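Position one of the sequence shown corresponds to residue 1 (my numbering), numbered consecutively onward. Glycine included, C-beta positions come from ideal geometry on N, C-alpha and C. Computed from a predicted model, the values in this text were never measured in an experiment. What follows is a set of notes on a single structure, which appears directly below.
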Amino acid sequence: MPKNFTIKRNNIDKILNTHPFSYNPDDQEHLKEECGVFGIIGNSEAAAHTVLGLHALQHRGQEGAGIISCDTEKFYKHMAFGKVGDKFNKASIIKSLEGDSAIGHNRYSTSGGQKQIANIQPLFAEMGCGKMALAHNGNLTNAVTLRKQLIKTGSIFSTTMDSEVVIHLLATSKKGNVTDCLIDALTQVQGAYSMIALTPEAMIGVRDPHGVRPLMLGMLDGAYILCSETCALDIIAAEFVREIEPGEMVIIKDGEIQSLKPFEKAPSKFCIFEYVYFSRPDSIINDRSLYNARKNMGIELAKEMPVGADVVIPVPDSGVASAIGYSQQSGIPFELGIIRNHYVGRTFIEPTDSIRHLGVKLKHNANKPIIEGKKVILIDDSIVRGTTSRKIVDMVRAAGAKEVHMRISSPPTIGPCFYGVDTPTKDKLLASRMSVDDMAEYINADSLSFLSVDALYRAMGETKRNNDMPQYCDACFTDEYPIEVVDKNSNRAIEC
Ligand code: AMP
1 MPKNFTIKRN
11 NIDKILNTHP
21 FSYNPDDQEH
31 LKEECGVFGI
41 IGNSEAAAHT
51 VLGLHALQHR
61 GQEGAGIISC
71 DTEKFYKHMA
81 FGKVGDKFNK
91 ASIIKSLEGD
101 SAIGHNRYST
111 SGGQKQIANI
121 QPLFAEMGCG
131 KMALAHNGNL
141 TNAVTLRKQL
151 IKTGSIFSTT
161 MDSEVVIHLL
171 ATSKKGNVTD
181 CLIDALTQVQ
191 GAYSMIALTP
201 EAMIGVRDPH
211 GVRPLMLGML
221 DGAYILCSET
231 CALDIIAAEF
241 VREIEPGEMV
251 IIKDGEIQSL
261 KPFEKAPSKF
271 CIFEYVYFSR
281 PDSIINDRSL
291 YNARKNMGIE
301 LAKEMPVGAD
311 VVIPVPDSGV
321 ASAIGYSQQS
331 GIPFELGIIR
341 NHYVGRTFIE
351 PTDSIRHLGV
361 KLKHNANKPI
371 IEGKKVILID
381 DSIVRGTTSR
391 KIVDMVRAAG
401 AKEVHMRISS
411 PPTIGPCFYG
421 VDTPTKDKLL
431 ASRMSVDDMA
441 EYINADSLSF
451 LSVDALYRAM
461 GETKRNNDMP
471 QYCDACFTDE
481 YPIEVVDKNS
491 NRAIEC
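Structure (C-alpha cells):
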C-alpha cells in the first residue's frame, strides 16, 4: 500500500466532497437508458420466442420488460417490472399474447418518479396512419426540444420517454401510409435509434443513419426476426441473416422483406462501448466476436501497460475476456481470484447509488487462497465512478495481496453518453475529475493504467483511430460527439 495512503485518501474524499459538482452517492438525477429489442413476424409462437429473445438480452436492461403481439387486427400486451424469466414465465401470460407477430423491449433501470409502468416499452398508439407498437433502443438527442414543440401544438404526452416523441411525430405527420409517416417522423429526430415497429400488416426495423446501436436480422422457419444482438437468435436456434445497415429501414410483410435507405447518408459510428462492455461476449457484431474483441483489448493492454506480478485476476464478469488476453500476452497465470455471485444483477442496473454500493459487496468475494501473498493484476473493462474498483481493490488487499495493480481494458471514461448508454454526468465520472495517479490513490491501487484510444482501435483490427474521421462513436473516451446533442443541458429533464 502506498505510504501515507490513508491521509491521501482522506484528502481525496475531501476534494470529492467539496468539489463544486461534489460526489453524492445518493444522487438519483441521472436517468438511465440502454435497452434490448426483439421482434418476430410469421411464427405461431411469436410471444414465446419473444420472451426467450428478451431473456437472452436481459443484460441490456433489467428494470422491466414489455411485449406487444398482434394477430392481424388486434394487439395484446403485457408489461412488467422485473426480469423476463420471473415476469413472463407463466404459460397464461404467453398464451394471452396472441398472434403470429410480437415485439418486445427490455428496459434499463430508472429512478424515483420515472419508475412507472407507462415507461415500459413497446409504446402503442392508434393514429391516423394506423395502429402501431414501437420498441426503441438508443437515445434521441433533440427529444426535449421536439417534445416542447409538440406540446405547444397540442400533443399530450403520457410517458417521460424520449421515444414517445416519435409516436407524436407519426400521429401528426401528413404523409399517407405508415412507412412514409415513420420516415417523416424519424427525419425530424436526432440521435441514436435502433427501432422495431409492429403494425397489423408488417414489422419494421430501422437504424439511425450513424448506426450507433446494433440491430440484427434473423430467420426461423420462414419467420423474420429483428433483435439487438445475435445471442437472441442463438437462444431460439434462429439463423443470422445480416445486420440492418446504418440508415436502413426494412419492412417485413407477407414473408417478404423490403429494404429502404430513406435518410441522408452519414458516416457509420457504431458505439465502441458495445464492444468494450455492453453487448454479450457470445454475440457477433459486424462480423466480429465480442469475446475476441475483448480478448484483443487485454492483449493490447498487456503490451502497452505491462507490470510484473504473480497472477492476473479478472473482475467478473466484465473483465474476464480481457484478463484472458492479458494473461496470454504477458505469460502471467490467469486465475479466478474473485468469485461472482450470479444471483445479483449488474451493480449499475440497481436503482440507487446506495444499493449500488451494497450490490458490489453482494456480488463479489475474494478467493483468498489464490490471492494471499501474491502480486495481483486486476483487470476490469472500465472505471466509471470508481465505486467497483475501490471496493474490489480493498477486498483483494484484505485477502492478503502483496500488491494490487489495476489494469483497465478501455481508455478513461471522460464523457457521458447521450446516445443510449447509461453513464452519469461528466462531473461524476472519476476520470474527468482526477488524474490517473489520483485515481490510483482513490481506488487504493499500487498502480493503475488504462488502454490508450489507439490501442483500443488496434484491438478492433484498425491500425489506429483516424482523428479526422473516427471509425466508431468513442465519445465516452474522447469527448468528441459525432451527432449533435441539441438537448445537452436539458435532455435529462425527461428520460432520454
Ligand atoms: P464504477 O463502479 O462506477 O466505476 O463502475 C465500473 C463498473 O461498472 C465496471 O465493472 C463496469 O464493468 C461496469 N460498467 C461500466 N459502464 C457501465 C454501464 N453503462 N452500465 C452498467 N455497468 C457499467
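Annotation: the continuous alpha helix (DSSP H) that includes methionine 395 extends over 387-398. Take the alpha-carbon of phenylalanine 450 and the one of glycine 298: they are about 11 Å apart.
Boundaries of the beta strand (DSSP E) around arginine 242: 239-243. The beta carbon of proline 416 is closer than 6 Å to those of Thr423, Thr425 and Lys426 in its chain, skipping five residues each way along the sequence. Between valine 178 and glycine 130, the C-beta spacing is below 7 Å. Residue environment analysis places lysine 428 among the buried positions, since at least 16 neighbouring C-beta atoms fall within 10 angstroms of its C-beta. Counting other Cβ atoms within 10 Å of its Cβ, asparagine 43 reaches 16 or more and is therefore classed as buried. In the assembly as shown, serine 158 is an exposed residue. Its beta-carbon has fewer than 16 other beta-carbons within 10 Å. Residue state for proline 369 is assigned as helix, using DSSP reduced to three classes. The stretch 405-450 contains, as complete alpha helix (DSSP H) runs of 4+ residues, the segments 430-433 and 436-443 (chain order).
Not a single heavy atom of the ligand AMP lies less than 6 Å from the C-beta of arginine 107.
In terms of Cβ geometry, methionine 406 and leucine 378 form a close pair [threshold 7 Å]. Counting only the Cα atoms, leucine 336 lies some 8 Å from isoleucine 370. Under the 10 Å beta carbon count, arginine 390 is surrounded by 16 or more other beta carbons and is classified as buried. Annotation for phenylalanine 263: Pro209 and Gly247 place their beta carbon closer than 6 Å to its own, counting only its chain and skipping 5 residues before and after. Only residues of its own chain outside the window of five on either side were considered, and among them Gly211 and Tyr472 have a CB closer than 6 Å to the CB of phenylalanine 270, listed in chain order. Distance from the CA atom of isoleucine 244 to the CA atom of aspartate 487, rounded to whole angstroms, is 27 Å. Note that the C-beta distance between methionine 79 and isoleucine 120 is below 7 Å. If you draw a straight line from the Cα of arginine 340 to the Cα of aspartate 380, it is about 13 Å long. By the criterion of at least three beta-carbon pairs nearer than 8 Å, the stretch 212-228 is in contact with the stretch 267-287. Checking the 6 Å criterion, the Cβ of arginine 385 is within range of a heavy atom belonging to the ligand AMP.
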